[in-house]
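Right, one structure below, let's go through it.
Chains as they are written, first to last, in this note's numbering: chain S, 23 to 343; chain D, 23 to 343; chain P, 23 to 343; chain L, 23 to 343; chain F, 23 to 343; chain G, 23 to 343.
Structure (structure tokens):
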């Protein structure tokens with residue numbers, strides 16, 4: 023888009039940040055612009071959770087916390103994202119709260135209408151099940167993809183209480199459905215005990231590679247970034263961040279917290295180093311506001327969404343540069 | 023049972039109430055006695071909720087709060103319930119979190135194993151959907167029943183997002199399945215706006231009568247009790263208490279709170295006056311601990327369960343008397 | 023408006039209430055309709071508070087809580103408000119957080135653009151200072167008015183730390199500016215100690231009458247309603263509800279709580295009995311979400327706004343009837 | 023004292039209530055005046071509790087909440103308490119947290135230094151055990167007394183885990199030590215189940231009379247006041263308020279909450295009607311701030327302390343009148 | 023034990039983790055197995071605390087949080103702990119809440135019944151006083167021991183308010199009673215100011231060595247592990263973790279928090295490196311749930327208990343290896 | 023002062039820390055000593071905030087949390103601060119809550135009375151606007167100063183809603199008013215997006231240097247300390263800590279939190295290395311207790327104030343040494 027045609031967020035110097043629109047970062051709604059580069063999308067579904075529910079309120083809470091952002095310029099990345107790309111808020115997909123497969127279809131359909139080669143989605147969950155619906159939509163445009171998956175859990179169980187598509191199984195289903203390119207994906211931040219040792223073996227068999235939280239202590243930020251770039255190569259990459267990859271101190275508002283996670287500064291450094299040139303979409307999931315306090319989890323999720331949009335803007339700047 | 027054979031709760035003067043067993047009121051587990059009169063049962067299912075989830079943690083939280091009770095003697099009812107009846111904790115039914123009908127079947131099956139003419143259940147939800155499963159089990163023993171339903175909502179919608187059995191539709195299903203005797207049931211505490219005026223008409227057509235919160239101001243405790251007794255007559259009666267019948271000040275920890283509800287003292291007075299001689303079972307549902315504070319909602323639910331068991335014990339005393 | 027032209031809220035049976043628009047009760051935005059009968063307006067200003075700040079986040083929080091409403095039909099008032107009147111959400115006035123008089127002017131200007139003889143406002147505060155700005159706008163249309171003022175405080179101090187227009191002085195200023203008709207206004211719910219006995223004498227001199235919380239115990243709902251109707255007579259009436267008129271148990275999320283307030287059921291009964299035929303506007307102020315829990319204060323405020331809009335709709339029905 | 027010599031609280035119109043001294047209601051410290059009529063005293067001891075501890079932080083929290091009071095004039099009682107009596111904050115008694123009897127002796131000694139025929143104490147607990155120490159001090163000045171005891175519990179157990187002096191036994195000890203006049207004391211607000219039916223019989227044998235919460239529904243405020251006045255007659259009276267006499271909705275921040283308690287308005291009405299002419303001292307105990315939210319429990323306790331001091335001031339006014 | 027005879031926890035794939043037994047990690051109760059290798063024991067006593075009480079609710083809260091664990095396989099340690107050792111939940115010791123020495127004797131007696139050369143305890147506090155009772159029991163079996171003590175405080179005061187055995191003095195008493203081998207013990211994580219410089223000198227005189235939090239910045243994980251292993255040598259080692267060794271961000275739910283503590287990942291790395299071959303028992307103490315939120319402190323404690331049991335299982339695997 | 027004349031804090035071994043005076047660290051009040059070296063001062067003003075208000079309650083909350091300190095000896099710095107310098111609590115400045123310039127004048131006047139060459143202030147905010155008032159007072163004594171500014175924000179906007187002196191502009195005003203020596207000041211911890219790229223350029227033009235949070239990852243503690251010492255040289259230095267320099271996990275209780283901040287251990291290390299010999303005063307600001315939990319933010323602020331006073335004491339020890 024022409025920079026001069028871009029409609030930016032409501033300006034915090036004119037309307038106080040605690041007033042006005044409830045869109046993400048107070049961006050324009052999708053119906054207020056003629057076209058867009060990146061759309062924020064809410065997927066308020068938590069019917070796939072195995073422990074604490076509540077992520078259905080995630081999109082609402084992340085948008086509220088995003089009011090706090092002063093979004094004009096990102097000094098670490100040196101980009102003015104919302105003057106570079108047209109970003110919009112596309113609202114929420116009305117997901118059926120009682121039927122996982124209906125909800126997945128609604129997400130697939132809703133996302134399919136919004137994505138194209140040049141239009142990207144940054145989705146706010148919802149539990150991690152929603153990523154399966156999103157991948158189905160994206161693969162129709164981009165073909166199979168490499169996944170960078172920040173999470174404390176592998177999410178590659180086979181089934182859970184007879185349900186094949188839940189927040190603990192979606193990665194396996196994605197692989198089985200051919201949505202992921204074999205040997206290209208990477209889990210980062212995995213920790214905590216397992217129901218079964220076989221989980222690890224299965225996971226490897228699906229062609230995933232893993233950086234456990236304990237590995238990170240040894241590897242450091244740069245080595246993990248290097249590994250991620252190597253795994254992805256020149257494939258299209260999707261970035262999925264389960265907020266529970268952060269330690270519960272940084273993200274209490276989530277459904278399946280695990281002790282021993284990343285600090286928020288570590289996660290920001292890692293995300294900034296991901297192979298953004300390949301990134302065709304992203305999501306931040308598993309924010310359960312009923313367990314949050316002082317909005318720290320929602321604010322972390324909102325900041326991550328902003329970081330990702332800034333990386334997308336940087337890709338545009340790079341090409342122009 | 024023989025009073026001298028009754029196994030009572032752990033004594034608070036020997037083991038501090040913050041220590042020891044996590045059973046309801048620190049009662050014996052079902053496997054620790056040869057038989058029982060009343061069993062507490064957990065139904066940790068919240069897959070049928072339309073707004074805030076979390077009632078799956080209800081049974082756990084109510085049991086924790088029940089530790090606070092000093093259960094030996096109820097001075098208002100003048101009964102020593104756990105020396106009069108053998109009460110036990112039967113644990114939780116492992117409900118499928120992803121499939122409403124599976125969960126209902128698990129509840130029906132689980133409850134069916136526990137109830138008989140002489141054995142009663144007091145169930146801790148879970149969302150209100152669980153009552154449907156419980157009624158199915160009870161009706162097999164007692165035939166169709168009269169329902170006294172404390173709630174801020176009618177729960178007689180037809181369906182919701184294509185789901186026929188949810189916490190907002192279970193009363194209608196119960197009627198349609200023939201579980202309720204026509205013209206014998208009563209809603210108490212109804213308030214708040216509706217999706218549709220037709221809801222009220224339907225409800226009447228199903229043979230329910232209603233005491234709205236606004237009616238209660240005019241009628242008072244005694245008149246409502248009289249109406250309940252008249253409705254039930256000599257039919258078997260089931261008492262279902264949605265904790266949201268209390269005002270949010272008294273029960274913040276619930277999924278669909280409505281301003282303008284009962285105080286806890288009003289609810290206790292009403293419950294104590296219900297036609298206990300006809301009561302063949304009861305439940306307390308919709309406690310969502312993530313929204314509670316200082317355990318006030320869980321404590322209210324635990325106290326209500328204790329009141330109900332005391333009423334059941336009083337029936338035994340009456341007969342002996 | 024023609025009922026068939028009315029645009030109603032997003033339907034909760036199609037889009038779950040936790041998804042979609044963040045407008046009040048998910049009503050249409052003002053730019054989505056050609057005209058309206060009643061507009062919800064946010065006045066996120068708390069620069070006039072003397073104790074706990076935070077009411078700037080009130081409009082946002084009340085809108086979030088209003089998602090919970092199922093707004094189609096009000097069974098106690100027997101009206102379908104949003105099929106009877108065209109209600110809209112007019113967004114927030116961007117109030118200057120640092121300058122009380124600037125903010126008051128912004129509120130006066132903003133409200134003036136929205137009100138007319140046939141268009142009414144229901145405003146969500148913000149602290150009680152905002153009512154002064156609103157009255158200035160309304161008086162330009164309706165002339166001086168009678169005020170029904172639910173509050174635990176008189177708000178008739180002369181000045182506070184040199185500031186003449188604060189949440190503790192706005193009622194006196196309103197009187198002095200000729201915005202209120204002498205001997206027509208009424209305070210309801212006043213309680214708590216005072217800085218000075220003279221406050222009471224002054225208040226009377228300004229022509230206010232007062233129902234203290236302690237008076238209410240003696241008078242009851244009907245007598246207070248009678249007094250309110252008598253005071254107002256056939257003058258235009260403005261209804262201003264400081265949420266702290268509720269007891270802190272029912273409304274912890276406020277800036278200057280006072281022990282011994284109304285229950286939510288008492289307040290609903292009183293509000294429903296106010297002389298609605300005279301009501302030319304209303305506000306609900308002093309919701310400070312940082313002190314709320316489980317949204318009980320925000321939900322009370324949202325319900326009150328809905329009640330008021332239902333009363334406004336009832337006026338329309340009455341005329342047609 | 024001469025009214026003109028009285029040192030009042032820091033004025034809220036000169037120093038904002040959120041600033042300055044942390045004394046109760048920002049009254050002068052005891053070392054800042056030459057003499058006093060009433061002293062606020064903290065007894066931060068919770069070593070006698072049987073369930074949730076934390077009342078050691080009660081005095082601190084109640085003082086913080088008392089900042090919110092505008093203490094100059096009490097319009098319901100029509101008295102300007104701090105212009106009528108010299109009230110001071112006497113600080114805290116440093117109670118031994120590990121030894122109940124040491125703490126009781128410290129409280130007895132500390133209170134004894136502060137009370138005389140003309141000097142009264144209003145003590146902030148601490149758990150209810152502290153009342154025993156206070157009574158020992160008072161009886162040395164006034165002889166045995168009548169007790170008006172607002173509480174949800176009788177506090178007349180014999181012993182608990184071998185401890186004879188705890189928050190559940192202090193009333194019995196007080197009777198046995200001859201601190202209470204037989205047949206003059208009254209429990210108000212009692213509710214909840216008991217460890218033993220014998221508790222009730224014992225209690226009667228100690229000469230206590232009881233108004234249960236359930237009795238109050240029938241009796242109402244005036245009848246309870248009449249009974250209290252009749253019981254006390256012309257004996258010296260001590261008023262002890264366990265904050266758990268309020269319903270948990272009004273006082274969540276306490277150690278042994280019981281469903282079904284008083285509303286704050288009911289409690290205020292009752293306290294205002296107590297035989298104040300006989301009142302020689304008072305306490306408010308069992309505020310456990312870790313379980314409070316938005317300071318509602320602490321504010322209730324602070325308001326009650328202010329009410330009591332206003333009643334004491336009224337006695338002075340009466341005599342002068 | 024024979025692996026095939028081992029009774030494992032309730033399986034999370036059959037009974038959802040939010041349902042069923044409230045034992046630690048849903049392990050079998052001690053009465054459900056014939057013998058055991060490791061028992062979880064609750065010591066709900068907080069009568070020895072100097073600041074915030076509430077750790078009496080620690081065992082209950084840690085067990086609740088432990089439901090979240092998926093305990094079958096520990097991928098970082100490569101062990102399936104509950105298939106390797108028979109772990110059980112031995113319930114709580116009913117500690118006298120009013121008498122420290124009685125409670126210590128109850129803990130000593132209770133633990134003595136449960137430990138032997140081949141049976142180990144992992145105890146959940148309670149405040150740190152309980153460790154003294156546990157050491158007394160253990161030394162009867164193992165003789166004096168080396169202590170690895172994770173804490174922000176030395177706990178070697180002489181006495182406090184005349185009490186010799188409190189959570190701030192237990193380490194000194196343990197040394198004086200001959201329970202600790204001189205020059206073998208190590209404090210890790212110490213920080214914050216002191217009542218007296220002499221504390222440090224005394225501590226050294228008792229033969230303790232200390233790694234302050236500030237030292238850790240310089241030393242790193244590996245050097246601290248090396249020092250711990252060197253100190254312990256081949257002596258029997260007891261591991262005691264005061265949860266306040268974590269920074270308050272990671273463990274807000276504790277009684278005496280100190281700024282500047284470990285992150286949860288640092289603590290996990292340190293614990294995993296401790297000389298597990300020598301470990302004859304362990305405890306995790308000072309979890310005060312009233313100050314926790316979203317269970318992050320309880321979950322950290324539960325995870326640490328699981329890590330320790332996994333290390334104990336690894337010792338078995340090593341020997342078999 | 024003569025060490026033997028120094029009046030220290032209330033001793034925690036004589037009066038439990040939860041009892042007694044509410045001064046900072048229970049130090050003597052300023053009126054209890056003849057002279058002092060360092061005074062704690064409260065500046066409870068939050069009229070300059072752009073997002074979440076509430077820092078007016080900061081001084082009160084930090085003092086409450088400071089009770090937890092055992093302040094006699096600082097083992098890392100090896101100093102007994104309150105035996106080395108006479109520290110006092112000077113209470114709060116009664117700031118006008120409605121008028122920024124009045125409040126700034128009150129702060130300037132109040133601080134001017136308290137500071138001299140040999141008397142230093144450590145001020146507890148309040149929002150960051152208060153630092154401007156403090157600098158005005160200090161510069162009158164010391165001349166222009168170098169500023170070490172820990173914060174996540176630059177605070178060098180030009181104006182905000184027409185207000186020139188707010189918490190987002192005070193640094194620019196300080197520069198323009200000649201309070202800061204050009205090229206001597208340093209921002210540490212800056213992060214998050216900006217309203218405008220120009221902010222960075224302006225900031226440099228004002229002669230500030232910046233260590234962003236992202237720079238810190240690369241530089242480490244020692245290099246930042248070196249840079250700070252180099253910037254300050256031998257100029258008088260003022261240390262201003264906005265608590266939001268900590269990550270929200272460590273300091274949730276603040277008004278404008280930013281993801282990705284310092285851990286508390288990093289901040290302590292940095293503060294300890296600052297050029298203390300040059301330090302002529304300090305403040306800790308932006309603690310907003312309504313958003314805190316378990317006092318972790320207030321405790322961090324209290325600990326930082328204690329660290330700073332310990333550094334000031336160390337300067338005295340150095341000179342004597």
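No residue lacks a Cβ here, since even glycine has one placed at the ideal position from N, Cα and C.
Round the Cβ separation of residue i and residue j to the nearest angstrom and send it over; I've been treating them as touching at under 8 Å.
i, j, result
"residue 286 of chain F", "residue 83 of chain F", "About 17 Å separates the two Cβ atoms, so there is no contact after all."
Where do the N-terminal and C-terminal ends of the alpha helix (DSSP H) with residue i fall, by residue?
i, result
"residue 60 of chain D", "No alpha helix (DSSP H) holds residue 60 of chain D; the beta strand (DSSP E) holding it covers 60-65."
"residue 325 of chain S", "318-342"
Is there a Cβ of chain G sitting closer than 7 Å to that of residue i, yes or no?
i, result
"residue 92 of chain S", "yes"
Compare the C-beta of residue i with all C-beta atoms of chain L and state if any pair is closer than 7 Å.
i, result
"residue 271 of chain D", "yes"
I'd like to confirm the pairing. Which residues does DSSP put opposite residue i in its beta bridges?
i, result
"residue 262 of chain F", "F:171, F:305"
"residue 182 of chain S", "S:185"
"residue 161 of chain D", "Paired residue(s): none; residue 161 of chain D is not in a bridge."
With respect to the beta strand (DSSP E) encompassing residue i, which residues constitute its N-terminal and C-terminal limits?
i, result
"residue 110 of chain D", "109-114"
"residue 234 of chain P", "230-234"
Would you verify that the beta carbon of residue i is, or is not, closer than 7 Å to some beta carbon of chain F?
i, result
"residue 236 of chain S", "yes"
Give me, in chain order, the residues of the same chain whose beta-carbon lies closer than 7 Å to that of residue i; leave out the 5 immediate sequence neighbours on both sides.
i, result
"residue 43 of chain F", "32"
"residue 90 of chain P", "39, 321"
"residue 169 of chain G", "202, 207, 260, 262"
Any beta carbon from chain S within less than 7 Å of residue i's own beta carbon?
i, result
"residue 56 of chain F", "no"
"residue 337 of chain D", "no"
So, does the CB of residue i fall closer than 7 Å to a CB anywhere in chain D?
i, result
"residue 217 of chain L", "yes"
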